[in-house]
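Colleague: What follows is a single structure, and I will ask about it in a moment.
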Amino acid sequence: MTEDLRPAGLRPSDPLSMQLQPEPPRPSVRRPREEPHLFDYARVVVKRRHVAIAVFVAIFLSAAVYSLTATPLYEGRVQLLIEADNPNVVNFTEVIDEAQSRQDYYQTQYKLLQSRSLAKQTIESLKLWDNEELTPAATTGRFSVGNAVRASAAWAASLAGGKATSESEVPAPEETATQVKAIGNFLDRLTVSPVRNSRLVEVSFQSRNPELAAKVANGVAKTYIDQNREFRFTASRDASEGLGQQLEEQRKQVEAAETALQQYREQNDALSVADRQNIVVQKLADLNSAVTKAKTDRLLKESMYRQLAAIEHDAAALDTFPAILANQFIQQQKTELSNLQQQRAQLAEKLGERHPEMLRIQSAIQASQIKLNGEIAKVVQAVRTEYQAARAQEQSLTSALDSQKGEALLMNRKAIDYGVLERDVESSKQIYQSLMQRAKETGVSGALKTSNIRIVDAAD
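All the letters of the sequence shown, read from the start, carry residue numbers 52 to 511 under the working numbering.
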């Protein structure tokens, strides 16, 4: 007998048994998504019309208030001419000249015009530390349309990748918070715009006061020119100080030589010894004279070499080095290069950069520049070689002189001692006079305080 395993009271035909059986899966129907229509947006706008009208009125009123209350800005503009080189006005070369490599030199000048140090000097010279535009009163917590617009403009500029002029340099540690703020505001209003294909540069300053705008623009130009003169004067002064130290040392050597000679005369009755000259003494005299000449030549060439070493990596200063200025081939090459550059500037106004004639003239300029740089390098190497040769010659002659002194002392010690002392005085005097002449020339060069920058059009 089999048992019925179905639960008691449930049969296949019962309704409850039918409910417990799982329902078959129903096919899902996906309705296509409807894209919003233009009328849907219109209905939203109409529904929120009060908010839209309020926003529109607020924006309109803000713009109207700002346009009615905004203070107009005036711009003072001054035009400067910056020459790459400065002609000599004396018959000897200045110790430091201002000719610089074209591109690097001008980029440096533009940065100097926008430097914090120049801005600080201008503010001090014009007494603008308390100017309300540069150091406005604290406005923390106050809202104005002008401030909002300026903040938005600054935010947009930061998004575009730019940065404020005042952030281009790190403030100096000695600057106060007020000075940092004033210098930053000053640089934000200052604009330096080079005039293309020329040596002109425009410096402009914006201010709510037209007189202040012109005054500051002219003040920046004047301070910049004064700073340029000061740089040149400092360079000449440093060179003069170096020569002055050598001059003082040589003066002491002259005094020591004269004192030694006088003591020898008094102690050894050198008046009669001076008349007893022989071949050895004559040879000694010749060598001593040669050493004096070699030493003088070495000192002069050493002075020139040290000046060269100070400007060796400055292509523009090398351009006006005495040895380079005296080289006719270099001067002719510079003239040729200048003519080619002028031709390129003229052709650039008519032809494109890829025009065959422009490519030809550019190739000629590069070849001329390479040739010029090569000749300048030869002159620089020649100065270095001449100094080394002069030093070696001096050492060689000094060694020969010392050897001859030993022989002369064996024959006539008094005569030799007297001759050495006497010629030491003469050589020291000659060296001293040579250094004195060079120091005078350097002093005159520094006292000129010439500048290769001048104002073409002042702001008015």
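Beta carbons: idealized from backbone N, C-alpha and C, even for Gly.
None of the values given here were measured: they were computed from a predicted structure.
1) Can you tell me whether Arg349 is buried or exposed? The criterion is at least 16 other CB atoms within 10 Å of its CB, across all chains shown.
2) Counting only the same chain and skipping the five closest in sequence on each side, list residues whose C-beta sits under 6 angstroms from that of Ala396.
3) Which first and last residues belong to the beta strand (DSSP E) in which Gln392 is found?
4) Would the stretch 223-235 count as touching the stretch 86-104 if we require 3 or more Cβ pairs under 8 angstroms?
5) Quick check on this structure: which residue in Val129, Asp468, Ser419 and Ala368 has the alpha carbon closest to the alpha carbon of Ala286?
6) In or out: Tyr92 buried (at least 16 other Cβ within 10 Å) or exposed?
7) When burial is assigned at 16 or more other CB atoms within 10 Å of the CB, is Ser255 buried or exposed?
8) Taking all protein chains shown into account, do 16 or more other C-beta atoms lie within 10 angstroms of the C-beta of Thr436, making it buried, or fewer, making it exposed?
9) How is Phe284 classed by DSSP in three states: helix, strand or coil?
10) Residues in its own chain within less than 6 angstroms of Gln304 by CB, not counting five upstream and five downstream?
11) Is the stretch 168-182 in contact with the stretch 234-244, if contact means three or more CB pairs nearer than 8 angstroms?
12) Quick check on DSSP: helix, strand or coil for Pro123?
13) Verify whether the separation of the beta carbon atoms of Ile276 and Ser502 is less than 8 angstroms.
14) When the Cα atoms are used, what is the spatial distance from Ile421 to Phe380?
15) Excluding sequence positions up to five away, which residues of its chain have a Cβ less than 7 angstroms from the Cβ of Lys214?
16) Just tell me which of Arg153, Lys429, Arg128 and Ile504 has its CA closest to the CA of Gln392.
17) Does the stretch 343-360 come within contact of the stretch 443-461, defined as at least 3 CB pairs closer than 8 angstroms?
18) Quick check: the Cα distance between Leu410 and Val252, rounded to an integer number of angstroms?
19) Considering Cα atoms alone, identify which of Ala264, Leu423 and Lys385 is closest to Tyr49.
Modeller: Inspection of the coordinates gives the following:
1) buried
2) Asn248
3) Where Gln392 is concerned, there is no enclosing beta strand (DSSP E), although the alpha helix (DSSP H) it sits in stretches over Gln379 to Ala399.
4) no
5) Ala368
6) exposed
7) buried
8) exposed
9) helix
10) Ser479
11) yes
12) coil
13) yes
14) 14 angstroms
15) Any reading at Lys214 needs caution, since the residue's pLDDT is 41, under 50, leaving its predicted position unreliable; the model's value is listed next. The answer is none, since no qualifying residue turns up.
16) Arg153
17) yes
18) 28 angstroms
19) Since the first residue shown for the chain is 52 and the last is 511, residue 49 is missing from the structure and cannot be characterised.
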